[in-house]
Amino acid sequence: MILGEIDLKESEMTRPAPAPRRPVPEEKEFALLAENLPEPAWIADPDGWIYWYNNRWYEYTGTTPDQMEGWGWQAVHDPNLLPDVLFRWKHSIATGQPFEMVFPLRGVDGAYRPFLTRVRPVRDAAGAITHWVGCNADVSQQEQQRLLLATLNETASVVAAELDLERLVQAVTDAGVRLTGAELGAFFYNVTDEHGEGYTLYTISGVPREQFSKFPMPRNTEVFDPTFRGTGLVRSDDITKDPRYGRNPPYHGMPPGHLPVRSYLAVPVISRSGEVLGGLFFGHGLPARFTRYHEELLTGVAAQTAVSIDNARLYERAQKEIARREKVEGIRKLLLRELNHRVKNVFAILAGIVVASAARVASPAELAQKLQGRILALARAHELIYAGDNDPTEIEHSANLRDLVLSALAPQASEQQRRVEGPDCEIRSGAVTSVALILHELATNAAKYGALAAPEGKVSVSWSIRERSLVLSWIETGGPPVTSPPRRTGFGTQLIELSATGNLSGEVRRIWGETGLQFTLEAPLDRL
């Protein structure tokens, strides 16, 4: 023999003798068992007539034997589901098949709770049904767990997929109310606007939002502080008896008209970076409605919500960046088209100036001199358009009128020879070229023939706004004596006329006084 076999035999030899079998319980013991089962039970005859219920049935339903005998059990069934129960029960009676179904039964407190009902036939030796034996197992807790699990799964799916922040926090708040059985729930969360400034929004569940809109936003009082600072969860069976409650003015508790809250549960929502994103708050008008289990549920929901809010924020920033880039690309294309259009216009102006100037000069040197001055005037005007604080992404730019005047006078007049005054006035880019050419021709003529041709000569330029029109005045003094207006009209004079009446839709006036030229330009503001 091997060692294992020897040990086995020795073990069998030392095993104590079996205890004598207990006698089969008597009928009264079976009756005691049936009456005191922890679940409702009953017995029916072969036709389905229930003639006996145990004590648990009567305790739960609050009924009497006379009320329940036969088919009286229908009184404690949900009327909406009773037809289906009757159909299934009668089908089992007719076919002899076991019956199994979950349906709600009304308790003595009036509440319906789900029960798993199992019914089995009892047969004699010949196979004929002699009785039906049924038992109703309370599955309300299991059903509640199933519903909670379904809610959690649904919430997880929504939270994981939702990238819209407002819909996300509303879904979480609604789910929290369902998970805890709260009468009201709120989610106060922090957001940042386009200027980088933070502010707080909130969602409400369980009650109309209007009931809370009249109340101020929660502050970091002793009750709310742990949630808003993210230091911990707060659960109270009766918040009105909490030592931290009611210690802050002006309300010292809930504001007048606030919905009554006794049971209180608040969970902070904290980002992975440690930032407190907001807080979930739940309340009930009755005390002791929230449990440790609810804490665990909401702690998990809050953690998942924090991840989803981070994702929603990241998505929002990405969308804004995409929109910004698309806008910049669109502006770039518009700028290129606009630049092409304006360059063509400048070339057209230059071509006209070259042709007209060449026809009225005696030598190439004179032509070069005139062209150089006019082209430089255009160049200075365009520099003013894109200088300063103008946004490079804007299509329409402008130049300040004062800068245009000073730019035209600078090459010809010293600071002592010029006086410039007038209100702030912006000239749109489309009109800048015309204004610059007018000022350039006036300054050039003043330097050659007018006030600036003499050391003591002066030019005063002023402007004002009158009835939605710009009125610009150019007055020369101290120059060579003027005996009569010029007999010959040069290209410069024609250029002033064309620029003023054509592009600006304005008009000019000249007065040749003894002290010098007095020039006035009047143009509507909508053309400037």
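The sequence shown begins at 581 in the numbering used here and counts up by one.
Built from N, CA and C at the ideal position, the CB exists for glycine as well.
Practice prompt. Since I believe residue 640 is in contact with residue 620 (beta carbons under 8 Å), could you give me their beta-carbon distance rounded to a whole number of angstroms?
Written response: With a Cβ gap of about 6 Å, residue 620 and residue 640 count as contacting.
Worksheet item: Which residues bound the beta strand (DSSP E) around residue 845?
Response: For residue 845, the uninterrupted beta strand (DSSP E) run begins and ends at 843 to 850, by DSSP.
Fill in: Status (buried if at least 16 other CB within 10 Å, exposed otherwise) for residue 754
Note on residue 754: 16 or more other CB atoms within 10 angstroms of its CB, so buried under the neighbour-count rule.
Practice prompt. Would you give the residue range spanned by the beta strand (DSSP E) that residue 683 belongs to?
Written response: Annotation for residue 683: the continuous beta strand (DSSP E) segment containing it runs 679 to 686.
Item to complete: Could you give the DSSP three-state label for residue 825: helix, strand or coil?
Response: Residue 825 sits in coil when the DSSP states are folded into three classes, being neither helix nor strand.
Worksheet item: If you check the beta carbons only, do residue 1085 and residue 1107 fall under 8 Å apart?
Response: The answer is yes: Cβ separation under 8 Å.
Worksheet item: For residue 997, does the count of other Cβ atoms within 10 angstroms reach 16, so buried, or fall short, so exposed?
Response: Burial state of residue 997 is buried, judged by a 10 Å Cβ sphere holding 16 or more other Cβ atoms.
Worksheet item: By how many angstroms is the C-alpha of residue 749 removed from the C-alpha of residue 779?
Response: Bear in mind that a pLDDT of 42 at residue 779, under 50, signals an unreliable position, so the number given afterwards is only what the model happens to contain. Annotation: residue 779 to residue 749 spans about 16 Å, alpha carbon to alpha carbon.
Discussion item. On the criterion of 16 or more Cβ atoms from any shown chain inside 10 Å, does residue 1038 qualify as buried, or is it exposed?
Written reply: Burial is judged here by how many other beta carbons sit within 10 angstroms of a residue's own beta carbon; residue 1038 has at least 16 and is buried.
Worksheet item: Using the C-alpha atoms, what's the distance from residue 908 back to residue 746?
Response: Residue 746 and residue 908 have their alpha carbons spaced roughly 28 Å apart.
Practice prompt. Please list the segments of the beta strand (DSSP E) lying wholly inside the segment 599 to 654, counting only runs of 3 or more residues, in order along the chain.
Written response: Counting only runs of 3 or more, we get 621 to 624 and 630 to 633.
Discussion item. What residue range does the alpha helix (DSSP H) around residue 1057 cover?
Written reply: Careful: residue 1057 lies outside any alpha helix (DSSP H), inside the beta strand (DSSP E) at 1049 to 1057.
Worksheet entry | alpha helix (DSSP H) segment containing residue 1020, residue limits | In this chain, the alpha helix (DSSP H) harbouring residue 1020 covers 1009 to 1028.
Discussion item. Comparing C-alpha positions only, which one of 703, 1062, 892 and 840 sits nearest to residue 677?
Written reply: Out of 703, 1062, 892 and 840, 703 has the C-alpha closest to the C-alpha of residue 677.
Discussion item. With H, G and I counted as helix, E and B as strand and the rest as coil, what does DSSP make of residue 750?
Written reply: Residue 750 falls in the helix class under three-state DSSP.
Worksheet entry | Whether residue 845 touches residue 809 by CB criterion (8 Å) | No, they are not a contact pair.
Worksheet item: Just checking my contact of residue 719 with residue 685 at CB under 8 Å: how many whole Å lie between their CB atoms?
Response: Wrong, their Cβ atoms sit about 11 Å apart, outside the cutoff.
Fill in: Among 713, 893, 696 and 708, the one whose alpha carbon lies nearest that of residue 721
For residue 721, the nearest C-alpha among the options comes from 696.
Discussion item. So, at 8 Å on beta carbons, what are the nonlocal neighbours of residue 668 in its own chain, with the 5 sequence-adjacent residues on each side left out?
Written reply: Answer for residue 668: 679 and 681, listed in chain order.
Discussion item. For residue 1046 and residue 1055, what's the separation of their Cα atoms in angstroms?
Written reply: One C-alpha to the other measures close to 19 Å.
Worksheet item: Taking the alpha-carbon positions, what's the residue 999 to residue 903 distance?
Response: Per the coordinates, the alpha-carbon of residue 999 lies some 49 Å from the alpha-carbon of residue 903.
Worksheet item: Hey, quick one: how far does the beta strand (DSSP E) through residue 717 stretch, first residue to last?
Response: For residue 717, the uninterrupted beta strand (DSSP E) run begins and ends at 709 to 718, by DSSP.
Practice prompt. Using beta-carbon positions only, say whether residue 1082 and residue 1021 come within less than 8 Å of one another.
Written response: The answer is no: Cβ separation not under 8 Å.
Discussion item. I need the DSSP call for residue 908, collapsed to helix, strand or coil.
Written reply: Three-state result, residue 908: helix.
Worksheet item: When DSSP builds the beta bridges, which residues end up paired with residue 1041?
Response: Residue 1041 pairs with 1000 and 1054.
Discussion item. Applying the 10 Å Cβ sphere with the 16-neighbour rule, what's the burial state of residue 543?
Written reply: With the chain covering 581 to 1108 only, the question about residue 543 has no answer from this structure.
Discussion item. Which same chain residues end up closer than 6 Å to residue 1100 when comparing Cβ atoms and leaving out the 5 residues on each side of it in sequence?
Written reply: Contacts found: 1053 and 1089.
Discussion item. Determine whether the beta carbon atoms of residue 1057 and residue 1024 lie at a separation below 8 Å.
Written reply: Cβ atoms of residue 1057 and residue 1024: not closer than 8 Å.
Discussion item. Given this structure, state the Cα-to-Cα distance separating residue 821 from residue 881, to the nearest angstrom.
Written reply: Each residue's alpha carbon lies about 27 Å from the other.
Worksheet item: When the Cα atoms are used, what is the spatial distance from residue 969 to residue 1061?
Response: Its pLDDT being 47, under 50, residue 969 is placed unreliably in this model, and the value from its coordinates should be taken loosely. When rounded, the distance between both Cα atoms is 44 Å.
Worksheet item: Beta-carbon separation of residue 1031 and residue 1010 under 8 Å?
Response: When the beta-carbon positions are compared, residue 1031 and residue 1010 stay at least 8 Å from each other.
Worksheet entry | Per-residue DSSP class, three states only, for residue 870 | Correct three-state label for residue 870: coil.
Practice prompt. Taking the CB atoms as reference points, tell me whether residue 988 and residue 1007 lie closer together than 8 Å.
Written response: Taking 8 Å as the Cβ cut-off, residue 988 and residue 1007 do not qualify as a contacting pair.
Discussion item. Using 8 Å for Cβ pairs, my map puts residue 671 next to residue 762. What's the rounded Cβ distance?
Written reply: Contact flag wrong, Cβ pair sits at about 42 Å.
Discussion item. Do residue 1041 and residue 1102 count as a contact pair if the criterion is CB distance below 8 Å?
Written reply: At least 8 Å separates the beta-carbon of residue 1102 from that of residue 1041.
Worksheet item: Taking the Cβ atom as the reference point for each residue, do residue 717 and residue 861 lie within a distance shorter than 8 Å?
Response: In this structure, residue 717 keeps its C-beta atom at 8 Å or more from the C-beta atom of residue 861.
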